[in-house]
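J.: Numbering (my numbering), first residue to last: 3 to 438.
C-beta atoms are modelled at their ideal positions from N, C-alpha and C, and glycine is treated no differently.
Computed from a prediction, not measured in an experiment: that's the story for all the values here.
For reference, the structure I am asking about is given below.
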Amino acid sequence: MPYLLDLVYLVGLLCVSPWLAYKAFTTGKYRRGLWSKLTGHVPLPVRSPASAKLTIWFHGVSVGEIHLLRQIVARYRQRHPNHLCVISTTTDTGYAEANKHFAELPVFYWPFDFSWAVTRALRTVRPNLLVLAEGELWPNFLVAAEKRGVPVAVINGRMSPRSFRNYHRLGPLTRSLLGRISLIAAQTEEYAANYRALGAPRVEMTGNVKYDGVQSDRQNAKTRELRRMFDIGDDELVWIAGSTQAPEEEIAVDIYRRLKPDFPNLRLIIVPRQKDRFEKVATSLLQSGLPFVRRSALNGVSKPPAHSVILVDTIGELGAAWGLADIAFVGGSLDGKRGGQNMIEPAAYGAAVVFGPHVWNFTETAARLVETGAGMQVADAAMLEVVVRQLLIYDDERNRLGSTAREFVRRQQGATEGTLDAMGSLLAHPALARAG
Numbered sequence: 003m004p005y006l007l008d009l010v011y012l013v014g015l016l017c018v019s020p021w022l023a024y025k026a027f028t029t030g031k032y033r034r035g036l037w038s039k040l041t042g043h044v045p046l047p048v049r050s051p052a053s054a055k056l057t058i059w060f061h062g063v064s065v066g067e068i069h070l071l072r073q074i075v076a077r078y079r080q081r082h083p084n085h086l087c088v089i090s091t092t093t094d095t096g097y098a099e100a101n102k103h104f105a106e107l108p109v110f111y112w113p114f115d116f117s118w119a120v121t122r123a124l125r126t127v128r129p130n131l132l133v134l135a136e137g138e139l140w141p142n143f144l145v146a147a148e149k150r151g152v153p154v155a156v157i158n159g160r161m162s163p164r165s166f167r168n169y170h171r172l173g174p175l176t177r178s179l180l181g182r183i184s185l186i187a188a189q190t191e192e193y194a195a196n197y198r199a200l201g202a203p204r205v206e207m208t209g210n211v212k213y214d215g216v217q218s219d220r221q222n223a224k225t226r227e228l229r230r231m232f233d234i235g236d237d238e239l240v241w242i243a244g245s246t247q248a249p250e251e252e253i254a255v256d257i258y259r260r261l262k263p264d265f266p267n268l269r270l271i272i273v274p275r276q277k278d279r280f281e282k283v284a285t286s287l288l289q290s291g292l293p294f295v296r297r298s299a300l301n302g303v304s305k306p307p308a309h310s311v312i313l314v315d316t317i318g319e320l321g322a323a324w325g326l327a328d329i330a331f332v333g334g335s336l337d338g339k340r341g342g343q344n345m346i347e348p349a350a351y352g353a354a355v356v357f358g359p360h361v362w363n364f365t366e367t368a369a370r371l372v373e374t375g376a377g378m379q380v381a382d383a384a385m386l387e388v389v390v391r392q393l394l395i396y397d398d399e400r401n402r403l404g405s406t407a408r409e410f411v412r413r414q415q416g417a418t419e420g421t422l423d424a425m426g427s428l429l430a431h432p433a434l435a436r437a438g
């Protein structure tokens with residue numbers, strides 16, 4: 003099977019290579035770490051020092067998964083200070099975040115799923131346990147890990163209805179993939195049931211790690227710095243449209259334009275999900291005629307124009323920016339393509355959280371926020387405008403929604419310890435026991 007998959011991957015790579023070359027040339031994407039991904043070369047000293055009993059390989063695809071791993075890895079290292087933890091990621095933004103948050107640990111790129119690349123990476127790292135944040139299952143890697151006797155755990159696992167249908171269509175291939183995973187620690191009972199229905203041998207519901215470690219103090223240093231840099235006054239109301247996708251930025255700008263005459267103290271902050279949208283959104287704001295400033299242009303000395311829209315064109319600052327929000331619109335939820343983004347962070351700060359109808363990536367979280375009166379779901383852009391207007395008019399309702407959201411997040415916490423407890427049984431795996 004590995005060689006057949008290699009052939010399929012090569013054919014696919016050849017088919018998309020003109021597009022990849024164009025994107026690499028015009029945007030710089032896909033170039034960094036390409037050699038390491040293709041060959042499985044790990045250009046870092048990841049071999050365990052003599053004092054390290056075990057090597058644990060944690061993988062997070064991109065920024066969101068890397069942020070999730072911060073909490074898990076920190077607590078794991080407290081429990082097992084004599085284990086070496088190494089971090090891999092797939093995207094450029096994930097790599098930058100991993101180096102920032104795991105500066106003292108080896109960080110490298112996850113190899114493409116070619117048999118030679120995954121074999122070389124595993125031979126170099128020599129992990130005793132592989133931990134995948136939220137999934138990303140690659141056949142050749144799982145086969146190679148199984149051959150080397152390396153148990154694999156998926157933590158904070160999710161299996162949305164759409165993903166379930168797609169995996170179900172693959173039938174035996176899905177069962178073969180999941181059969182090679184030693185543990186799936188699922189976020190919810192629904193996700194756990196979906197994994198079990200697809201043939202996963204061991205599934206535990208441990209909760210959503212993203213509830214743990216989220217910042218809830220609006221007076222934290224980073225949020226205070228952004229408030230000063232953006233020159234946000236105490237009397238201003240802040241609406242943040244975060245993790246947005248097209249056309250959500252234009253929708254937010256249009257709504258803001260109509261609301262601003264009635265609410266002169268309203269400020270809008272837009273945080274696109276992907277950095278390749280920064281220029282497009284900046285162009286759209288320029289064409290709108292509204293005063294705006296890019297976060298990258300602010301140096302902390304000069305102030306932005308009065309009442310200007312803020313375009314956050316940097317990576318990794320949305321978490322702190324949510325602490326500025328009175329009203330938080332969580333993007334990727336109106337376009338019907340992305341399935342929503344993480345609404346836990348703004349809820350933890352006590353913002354009035356609003357999101358669209360397409361939230362299959364966070365079905366359980368969105369449903370519980372709405373059920374408990376801790377969040378509001380809108381059907382479309384027109385309803386979003388109505389809801390934002392109502393929240394600006396009625397201070398009591400906005401504040402109630404925010405305080406309920408903060409309390410909801412507090413009650414959900416504890417998944418990190420449950421996940422580490424579930425992983426504990428894998429540390430008793432015979433191969434690991436001999437190594438330790």
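Looking at the strands, I want to know which residues DSSP matches up with Arg296.
T.: Paired residues: Leu313.
J.: Report the residue from Ala383, Gln414, Thr374 and Leu428 whose alpha carbon sits nearest the alpha carbon of Thr406.
T.: Thr374
J.: Going by C-alpha distance, which of Ile74, Lys39, Phe60 and Gln415 is nearest Ala119?
T.: With distances taken between Cα atoms, Ala119 lies closest to Lys39.
J.: What residues are listed by DSSP as bridge partners for Val205?
T.: Ile186
J.: In this structure, does DSSP put Tyr111 in helix, strand or coil?
T.: strand
J.: Does Asn101 come out as helix, strand or coil in the three-state DSSP assignment?
T.: helix
J.: Across the stretch 71 to 79 and the stretch 344 to 356, are there enough close Cβ pairs to call them in contact, namely three or more that are closer than 8 Å?
T.: Touching, no, given that fewer than three Cβ pairs across the two stretches are closer than 8 Å.
J.: For Thr92, I'd like the list of residues in its chain whose CB is within less than 6 Å of its CB, leaving aside the five on either flank, ordered along the chain.
T.: Val63 and Trp112
J.: Val240: which of Lys224, Pro129, Gly420 and Leu261 sits nearest, CA to CA?
T.: Of Lys224, Pro129, Gly420 and Leu261, the residue nearest in Cα terms is Leu261.
J.: Tell me where the beta strand (DSSP E) around Arg269 begins and ends.
T.: Looking at the DSSP string, the run of the beta strand (DSSP E) that includes Arg269 is Leu268 to Pro274.
J.: Whose CA, out of Thr57, Gly66, Ile68 and Asp94, lies closest to the CA of Leu86?
T.: Thr57
J.: Considering just the uninterrupted stretch of the beta strand (DSSP E) at Val88, what are its terminal residues?
T.: Per DSSP, the continuous beta strand (DSSP E) segment holding Val88 begins and ends at Leu86 to Thr91.
J.: Per DSSP, what kind of secondary structure is Thr57 in: helix, strand or coil?
T.: Of the three classes helix, strand and coil, the one that applies to Thr57 here is strand, per DSSP.
J.: Indicate whether at least one CB of chain B lies closer than 9 Å to the CB of Ala430.
T.: Looking for chain B here will not work: only one protein chain is present.
J.: With burial defined as no fewer than 16 other Cβ atoms inside 10 Å of the residue's Cβ, what is the status of Pro293: buried or exposed?
T.: exposed
J.: Whose C-alpha, out of Gly334, Glu250 and His309, is nearest the C-alpha of Asp263?
T.: The sequence given here has Pro at residue 263, not Asp. Taking only the C-alpha atoms, the option nearest Pro263 is His309.
J.: Helix, strand or coil: how does DSSP classify Gln379 here?
T.: strand
J.: Quickly, what does DSSP pair Leu239 with across the bridge? List them, please.
T.: Leu268
J.: Taking Cβ positions, are Ser298 and Asp315 nearer each other than 9 Å?
T.: yes
J.: Could you please give the first and the last residue of the uninterrupted alpha helix (DSSP H) stretch that includes Gly426?
T.: Ala417 to Gly426
J.: Around the C-beta of Arg160, are 16 or more other C-beta atoms found within 10 angstroms, so that it is buried, or is it exposed?
T.: buried
J.: Between Ile1 and Val411, is the Cβ-Cβ spacing less than 9 Å?
T.: The first residue shown for the chain is 3 and the last is 438, placing residue 1 beyond what the model contains.
J.: From the DSSP output, in three-state form, read off Phe357 for me.
T.: DSSP places Phe357 in strand when its eight states are reduced to three.
J.: Look at the Cβ atom of Ile271, then the Cβ atom of Leu326, and state whether they are nearer than 9 Å.
T.: yes
J.: Classify Ala199: buried if its beta carbon has 16 or more other beta carbons within 10 angstroms, exposed otherwise.
T.: Per the 10 Å Cβ criterion, exposed.
J.: Shorter than 8 Å, the distance from the beta carbon of Ala353 to the closest heavy atom of the ligand FMN, or not?
T.: What this structure holds is no ligand at all, so the ligand FMN is not there to describe.
J.: Should Leu15 be labelled buried (16 or more other beta-carbon atoms within 10 Å of its own) or exposed?
T.: exposed
J.: When the Cα of Pro108 is compared with those of Ala383, Ala98, Gly342 and Asp115, which residue comes out closest?
T.: Ala98
J.: Does Leu179 pass the burial test, meaning 16 or more other C-beta atoms within 10 Å, or should it be called exposed?
T.: With 16 or more other Cβ atoms from the protein chains shown falling within 10 Å of its own Cβ, Leu179 counts as buried.
J.: Less than 8 Å between C-beta atoms, sequence neighbours within five positions excluded: which residues of the same chain meet that for Val10?
T.: none
J.: Going by DSSP in three states, Ala435 sits in which element: helix, strand or coil?
T.: Here Ala435 scores only 43 on pLDDT, less than 50, and its place in the model should not be relied on; the value that follows carries that caveat. In the structure shown, Ala435 sits in a helix (DSSP, three-state: H, G or I).
J.: According to the neighbour-count rule (16 or more other Cβ atoms, all chains shown, within 10 Å of its Cβ), is Ser184 buried or exposed?
T.: buried
J.: Taking its Cβ as the centre, do 16 or more other Cβ atoms sit within 10 Å of Gly511, making it buried, or is it exposed?
T.: With the chain running from 3 to 438 in the structure shown, residue 511 is simply not present.
J.: Pull up the DSSP beta-bridge partners for Gly159, would you.
T.: Paired residue(s): Ala188.
J.: Given this structure, state the Cα-to-Cα distance separating Arg296 from Gly333, to the nearest angstrom.
T.: 19 Å
J.: Round the Cβ separation of Phe331 and Phe357 to the nearest angstrom and send it over; I've been treating them as touching at under 8 Å.
T.: 7 Å
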